[in-house]
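The next block holds one structure in the form of structure tokens; read it before the comments.
There are 2 protein chains.
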Amino acid sequence: MEDLKDVYLTPLPESQYVKPFRLHYTQNGKQKNWDLLEVHDSVAVIVFNVTRKVMIFVKQFRPAIYYNNVHPKDRQSDQIDTNKYPASLGIALEMCAGIIDKNKSVEEIAQEEVLEECGYNVPLKKLQRITSYRSGVGVQGALQTFFYCEVTDEMKTEQGGGVDDEIIEVVEKTIPEIEALVTSPGPISSPPSCLFALMWFLHYKADQFRK
Amino acid sequence: MEDLKDVYLTPLPESQYVKPFRLHYTQNGKQKNWDLLEVHDSVAVIVFNVTRKVMIFVKQFRPAIYYNNVHPKDRQSDQIDTNKYPASLGIALEMCAGIIDKNKSVEEIAQEEVLEECGYNVPLKKLQRITSYRSGVGVQGALQTFFYCEVTDEMKTEQGGGVDDEIIEVVEKTIPEIEALVTSPGPISSPPSCLFALMWFLHYKADQFRK
Chain L
448 MEDLKDVYLT
458 PLPESQYVKP
468 FRLHYTQNGK
478 QKNWDLLEVH
488 DSVAVIVFNV
498 TRKVMIFVKQ
508 FRPAIYYNNV
518 HPKDRQSDQI
528 DTNKYPASLG
538 IALEMCAGII
548 DKNKSVEEIA
558 QEEVLEECGY
568 NVPLKKLQRI
578 TSYRSGVGVQ
588 GALQTFFYCE
598 VTDEMKTEQG
608 GGVDDEIIEV
618 VEKTIPEIEA
628 LVTSPGPISS
638 PPSCLFALMW
648 FLHYKADQFR
658 K
Chain F
448 MEDLKDVYLT
458 PLPESQYVKP
468 FRLHYTQNGK
478 QKNWDLLEVH
488 DSVAVIVFNV
498 TRKVMIFVKQ
508 FRPAIYYNNV
518 HPKDRQSDQI
528 DTNKYPASLG
538 IALEMCAGII
548 DKNKSVEEIA
558 QEEVLEECGY
568 NVPLKKLQRI
578 TSYRSGVGVQ
588 GALQTFFYCE
598 VTDEMKTEQG
608 GGVDDEIIEV
618 VEKTIPEIEA
628 LVTSPGPISS
638 PPSCLFALMW
648 FLHYKADQFR
658 K
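Chains as they are written, first to last, in my numbering: chain L, 448 to 658; chain F, 448 to 658.
Spelled out as structure tokens, the structure:
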């Protein structure tokens, strides 16, 4: 995962993933505008293995996090120096998640992501829908639906690690390790949706697994 | 806040806020690219009023959330129909927050946002730095530093509501109201950073204020 080279920037061409535009509007009689992106809705799933009492995370290289760890003065050069900025700076720890880009239910998408990324084959009825929220308020406001799912070692039928070009490592953490993570001074290389998931689990679920 | 009209889209011109580009890289010998945005680092602050045991939220119209509530078939027209899609669809409930776009410490930026948005004048030493995390993993990976701050009615020296063109409403919620919010089936018109903040407060702080 950490073998990284030939890192450079180009202007954004027509993109399937990032569609920026400007929204114009008049609020309380005042003309305004706001720059934003069209992004897909998504799902995120807390996967907790009750056999061994560990939470299942996915770890992967995230270009947007890597780039933000590069000092602005080093972003301008033709190529980013990967000796100075190794791939480890861009590795994120996340919940299992995926975008909704198929004509399937959110439950089916969640089920598919748990299998592809984490290797657990879970029946749909094991996916507990918790809530949904806006994945951002600034430039992207897509909906993310959030699930909780208890799995057992017997459900681990595949390797996990993603499909196609994805390079995803499956990581397990115990409840004390989760507590250490959320109380660390940071920077935590995780998004707030992951931290919400961890706090939700610690507050509403963890006690029953502590003995 | 909810008087909205003349809503339409244009392509993104050169923008101060949204700078999209493509990052090229070679990972494990395979050439890849990823589309992302340059965005500012930011701060977010949990503001809890200990005089009346209420959490202080900010409520504002968020174009990115509004847009995502518009059905794709209605996004293509010259103008979005605000009778069919009222402004209320874009109103978000959030923690006090702001981007780091000045040469000040994160604590000073946090202090300034609490005053401008919520109207509380807090000494720097009341701002408890909790942690920092990545605000996203997909297209934006900027760092958000997260504070907790207890305030009293005496510290409320200003109206709040933002500066310049900002239209921000200050909203208070009791602990039971916070619990009702995070356990609601959604969609919750808030970002995951707000939900993380609420769960963090409920888990680590709320009990001492329940009596």
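Cβ coordinates follow ideal geometry from the N, Cα and C atoms, glycine included.
- CA-to-CA, the gap between residue 576 of chain L and residue 622 of chain L works out to about 22 Å.
- For residue 596 of chain L against residue 493 of chain L, the beta-carbon gap comes to about 7 Å, under 8 Å, which counts as contact.
- Less than 8 Å divides the Cβ of residue 470 of chain F from the Cβ of residue 454 of chain L.
- The secondary-structure analysis by DSSP pairs residue 610 of chain L with nothing; it has no beta-bridge partner.
- Rounded to whole angstroms, the Cβ separation of residue 449 of chain F and residue 552 of chain F is 36 Å, and the two are not in contact under 8 Å.
- Listed in chain order, the alpha helix (DSSP H) elements of length 4 or more contained wholly in the segment 567-646 of chain F are 622-629.
- Each of L:624, L:527, L:567 and L:462 was checked against the Cα of residue 653 of chain L, and the nearest Cα belongs to L:624.
- When Cβ-Cβ separations below 8 Å define contact, residue 471 of chain F makes contact with chain L.
- Residues of chain F with a Cβ closer than 7 Å to the Cβ of residue 636 of chain L are, in chain order, 581.
- Spanning the alpha carbons of residue 497 of chain F and residue 656 of chain F requires a straight line of approximately 8 Å.
- With a threshold of 8 Å between beta carbons, residue 595 of chain F makes no contact with chain L.
- If you ignore the 5 residues before and after residue 619 of chain F, its C-beta comes within less than 8 Å of the C-beta of 496, 499, 501, 502, 503 and 504, all in its own chain and listed in chain order.
- When C-alpha distances from residue 572 of chain F are compared across F:549, F:629 and F:594, the shortest belongs to F:594.
- Taking 8 Å as the threshold, the shortest C-beta distance from residue 512 of chain L to chain F falls below it.
- The Cβ atoms of residue 637 of chain F and residue 580 of chain L lie closer than 8 Å to each other.
- According to DSSP, residue pairing for residue 543 of chain F in a beta bridge involves F:492.
- Under the Cβ distance rule, residue 518 of chain L does not count among the residues neighbouring chain F, no pair being separated by less than 8 Å.
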